Amino acid sequence: MKAKSNKTVKSCAWDLLINISLGGFTLACIIPVILVVIISITEAKYITIHGYSFFPKGLSLEAYRVVLTDTQSILRVYGVSIFVTVFGTLLSVIITAMLAYPLSRSSFRYRNIISFIIFFTMLFNGGMVPWYIICTQVLHLRNTLWALIVPYLVSAFNVIIMKTFFKTTIHESLIESAKLDGAGDFKILRSIVLPLSLPVLATVGLFTSISYWNDWWLPTILIDDNRWINLQYAMTRVIRNAAFLAEIGLSSGASSTHTELARMPTETVRMAMCVLAMGPIVLAYPFLQKYFVKGLTIGSIKG
Amino acid sequence: MNLLNNRKNKNQIVIKQKAKNSFFNELKKNYCLFIMTIPGLTLFFLLCYLPISGIFIAFVDYKNYVNNFYLNIIKSKWVGLNNFTIFLNDRNFIYALRNTISYQLIFIFAGTLMSLLIALLLNEIKNRYVARFYQSCMLLPYFLSWTVFSYVVFSFLSVQNGVINRMLLEPLGAGTVSWYMESKYWPYILFIVNTLKYAGYGSIIYLAAIVGIDPEYYEAAIIDGASRWQQVTKVTIPLISNVIIIMLVINLGHILSADFGLFYNIPLQSEFILEKTNVIDMYIYRVFQGRSGGTTNTLVISTAAGLFKSLIGFITVMVTNLVVKKIDSEKSLF
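Protein chains in written order, with our numbering: chain V, 2 to 304; chain G, 2 to 335.
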């Protein structure tokens, strides 16, 4: 009897320890998000006196009013991000599905060569500079909206995931019978394969949309026209200027920086931008987590 | 395998019969499938294969003669491996290489350990809803951009308003720290940020492996009187050790591909801490932008450094794939 109760006590202690360590890490993962939200609703005055705080006195939604009424720049930047994400994801999923479907058909003779051509891009690339030259001199993407869309349209990884899914879930006989009924390949893809492949379409679509929404790299290297910058890039510029002026400029006593600071978005507005940047992901997250996890494990399946 | 050979033989006979116009026959039979591949293949050609043709820049003394870079390459003087010796003798490159390898080694080994730990702990939680809640929260950072992370880190580290300086160091009476100007703290900061972003994501694959273990092993272990700790060390870990080793090896294949987003965004490109935050991709980018002193022909040197990275990366991936194939041929890439 005594031994048994000893055992349960030990077990409870284990459970407690496990929950504390996991809970601690979980907290570390979401605290940053919470801090940014709190700063964005802190009164600007409070920050200048006390700095950022988890428990500010005095809340205000002024920052969001500023962001949402600034139709000149901030809303335009949002518009670019939203358009690129929606349009780019749609186009990317269509192109990927159209490429993956022939590769999944065993009656298509050149599927192995084409698969290798695609797979090879995962192993070797020309590097950043030749890619940049092709994008600017051959494709003329510089300072166009296409620069934010075209480079991420195809990825070998997505094609392989989709090909594997088509091959393993959609039975060849289904396609053969549709063929006998006189359906062409486009019709088979549209009305048989795609409706049966919603899980993989959702997974690939979600990952593509997140990479479009989170992208800061393409505008960094391909855009210097303010009309076509997206949200993430605008954010990197703002934070960099802020950090430079606050940490380095002021400490070295440069006087011109004060005027620069005045023109910059205030701290709370900056954080409000950040909240709106993570907003869509955080809001969609609970509903889409199913696909996220599925997609992450699909990646481990051999192509 | 037999089936495949049969088909191959059959194919060969067919090829012999119609050797002349087999391509056109295939085209006629499956023209729809051909048409479908056109947009995707065109994009792969333009975005991946055309840039590969541009690596010849690395071997010439590139000058802008006309407005066509292929013609420029042909007209420029061939200098062989000269461009490579230039950046290999650049101290900044050596630092960047050293940083890349040491950061990646730490991230790979410590990161794997963290992910494994999380997976083991999550598996011990019997309440599915609680486990699901933990997992959801830990996965969230993976989906946030590096830009968002740079804001978060800045709100902790900013000299004037940062949480660490204002809420921790000041009340303790310690002086404030200019985090973005002192390089010695950055290995730790980068490690923490990287772990927060990727540990939860990395745990998924181990958790999947653990969940896949046959419960009978545990039942047998319990009958033999194994404690929970022993169940983990004697059953779980040995049974997923293959997955752990394979993930380690695969990650080691990408040892030169440090996460550019992390090193570019989180330190806010501060020049003062570059010594500890420069990695190869950043070196290439900075040379290309003309922000790294010492070299004159920035385009050529950055191309050469990029090609160096691609080649070494190709070799390491091939080697690690061979190793993975030895361990478990199912898991190898090809």
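Glycine is no exception: its CB is placed at the ideal position from the N, C-alpha and C atoms.
Just so you know, these numbers come straight off a predicted model, no measurement behind them.
Give the secondary structure of residue 62(G) by DSSP, where H, G and I count as helix, E and B as strand, and everything else as coil. strand
To the nearest angstrom, report how far apart residue 118(V) and residue 28(V) are at their CA atoms. 44 Å
Residue 51(V) - containing alpha helix (DSSP H), residue span: Unbroken alpha helix (DSSP H) run through residue 51(V): 45-51.
Using 8 Å as the threshold, is the C-beta distance between residue 212(G) and residue 100(G) below it? no
Under a three-way DSSP split, which group does residue 79(G) fall into? strand
Only counting runs of 4 or more residues, tell me where the alpha helix (DSSP H) segments fall wholly within the stretch 81-126 of chain V, in order along the chain. Runs found: 112-124.
Let me see if you follow: with CB-CB separation under 8 Å, is residue 38(G) close to chain V or not? yes
Where residue 62(V) sits in the DSSP three-state scheme: coil
At a CB-CB cut-off below 8 Å, which residues of chain V make contact with residue 104(G)? What residue 104(G) touches in chain V: nothing, since even the nearest Cβ is about 19 Å away.
Ordered along the chain, which non-local residues of its own chain (more than five positions away) have a Cβ less than 7 Å from that of residue 323(G)? none
Rounded straight-line distance, which links the Cα of residue 141(G) to that of residue 198(G): 8 Å
Against residue 168(G), what residues of chain V qualify as contacts under a CB-to-CB distance less than 7 Å, listed in chain order? 54
Cβ contact check for the stretch 91-106 of chain V and the stretch 127-134 of chain V: 3 or more pairs under 8 Å: no
Cutoff 6 Å; reference residue 209(V); Cβ partners in own chain excluding five residues on either side: 90, 93
Just mark residue 233(V) as buried or exposed, buried being the case when its beta carbon has 16 or more other beta carbons within 10 Å. buried
How should residue 252(V) be labelled, buried or exposed, when 16 other C-beta atoms within 10 angstroms of its C-beta is the threshold for buried? For residue 252(V), the predicted model reports a pLDDT of 43, less than 50, meaning its position is unreliable; a value from the coordinates is still stated below. Classification of residue 252(V): exposed, given that the 10 Å Cβ count is below 16.
Taking the alpha-carbon of residue 118(G) as reference, which of 238(G), 311(G), 325(G), 90(G) has the nearest alpha-carbon? 238(G) is the residue among 238(G), 311(G), 325(G), 90(G) whose C-alpha sits nearest the C-alpha of residue 118(G).
Tell me where the alpha helix (DSSP H) around residue 139(G) begins and ends. 129-140
Could you tell me how far apart the beta carbons of residue 231(V) and residue 78(V) are, in whole angstroms, since I believe they sit closer than 8 Å? 6 Å
Of all Cβ atoms in chain G, is any one closer than 8 Å to the Cβ of residue 167(V)? No, no contact with chain G.
Using a Cβ cut-off of 7 Å, which residues of the stretch 226-244 of chain V contact any Cβ in chain G, in chain order? 233, 236, 237, 240, 241, 244
Which residue spans inside the stretch 179-212 of chain G form an unbroken alpha helix (DSSP H) run of at least 4? 187-212
Count the other CB atoms, across all protein chains shown, that sit within 10 Å of the CB of residue 196(V); report buried if there are 16 or more and exposed otherwise. exposed
May I ask you to check if the CB of residue 233(V) is nearer than 7 Å to at least one heavy atom of the ligand GTP? Ligands are entirely absent from the displayed structure, and the ligand GTP is therefore not among its contents.
How big is the Cα-Cα spacing for residue 319(G) and residue 240(G)? 26 Å
Going along the chain, which residues of its own chain have a beta-carbon closer than 6 Å to the beta-carbon of residue 163(G), five neighbours each way excluded? 157
Judging by CA-CA distance, which residue of 75(V), 47(V), 88(V) is the nearest neighbour of residue 148(V)? Checking every option, the nearest Cα to that of residue 148(V) belongs to 88(V).
Measuring CA to CA, which of 138(V), 271(V), 289(V), 82(V) is closest to residue 217(V)? 82(V)
Is residue 290(G) buried or exposed, if buried means 16 or more other CB atoms sit within 10 Å of its CB? exposed
Taking contact to mean 3 or more Cβ pairs, one atom from each stretch, closer than 8 Å, check whether the stretch 146-160 of chain V and the stretch 71-83 of chain G are in contact. no
DSSP state of residue 55(V) mapped onto helix, strand, coil: Look at residue 55(V) here: in three-state DSSP terms it is coil, with no helix or strand label.
DSSP three-state assignment for residue 231(V), whether helix, strand or coil: Coil at residue 231(V), not helix or strand.
Is residue 166(G) near residue 178(G), with beta carbons less than 8 Å apart? Against a cut-off of 8 Å, the Cβ pair of residue 178(G) and residue 166(G) comes out as a contact.
Using C-beta distances below 7 Å, list every residue in its chain close to residue 86(V), excluding the 5 sequence neighbours before and after it, in chain order. 210, 213, 214
Between residue 81(G) and residue 57(G), what straight-line distance do the alpha-carbon atoms span, to the nearest angstrom? 10 Å
Closest residue to residue 183(G) among 47(G), 330(G), 85(G), 275(G) (Cα-Cα distance): 275(G)
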